[in-house]
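Please read the structure below before turning to the comments.
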Amino acid sequence: MSIRPPQIYYRPDAAQDPLSAALQHEIFNEKASTLGRLQKKLEIALTQLEHAKSLDPKDEELIGEKLAVAQEALWFVTIQRELCGLIRHKPYYDHMNVPKDVRLHMGPNAGKRL
């Protein structure tokens, strides 16, 4: 089985197709709006994590729960940023003040029950 790149690379006139351009524009808008929503969820998760740490630094259960939510939110944002073509994440993490423990263990929340 072979993998072929999209036909748009083989037909230069296809790049000028207004329907294709409109579709690409719509797809980009959806990716960008999804990224915005996911960033808002990440901001909320990071705020809740900091709040949990300030309430009781010894409450490992609450902090662990908030940490897992923040790690999953960061994972979703990272994936969406890559889909939008943004591949340098460290400056973004620094700008958002993402703690190192969230960065190190970001990923799907394994403890979440359906």
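Sequential numbering from -11 applies to the sequence shown in our numbering.
Glycine residues also receive a C-beta, built at the ideal position from the N, C-alpha and C atoms.
Remember, predicted model here, so these are calculated numbers, not experimental data.
What is the rounded straight-line gap between the Cα of D47 and the Cα of G73?
On the sequence shown, position 59 is the one that residue 47 refers to. On the sequence shown, position 85 is the one that residue 73 refers to. Between D47 and G73, the C-alpha separation is close to 39 Å.
Using 8 Å as the threshold, is the C-beta distance between L55 and D89 below it?
Reading the sequence shown from its first residue, position 67 is the one you call residue 55. Reading the sequence shown from its first residue, position 101 is the one you call residue 89. Taking 8 Å as the Cβ cut-off, L55 and D89 qualify as a contacting pair.
What does the alpha-carbon distance come out to for the pair G52 and G24?
Working through the sequence shown from its first residue, we reach residue 52 at position 64. Working through the sequence shown from its first residue, we reach residue 24 at position 36. In a straight line, the C-alpha of G52 is about 26 Å away from that of G24.
Nearest to A20 by CA position, among V65, L30 and S8, is which residue?
On the sequence shown, residue 20 is found 32 positions in, with the first residue counted as 1. Per the Cα distances, V65.
What would DSSP say about R91, mapped onto helix, strand or coil?
Here residue 91 is taken as the residue at index 103 of the sequence shown, counted from 1. Residue state, collapsed to three classes: helix.
N17 lies in the alpha helix (DSSP H); which residues open and close that run?
To locate residue 17, count along the sequence shown from 1; it is residue 29. That run of the alpha helix (DSSP H) goes P6 to L43.
Under the three-state reduction of DSSP, which class applies to L102: helix, strand or coil?
Taking the sequence shown and counting its residues from 1, one reaches residue 102 at position 114. With a pLDDT of only 44 at L102, under the threshold of 50, the placement of this residue in the model should not be trusted, and no figure is reported.
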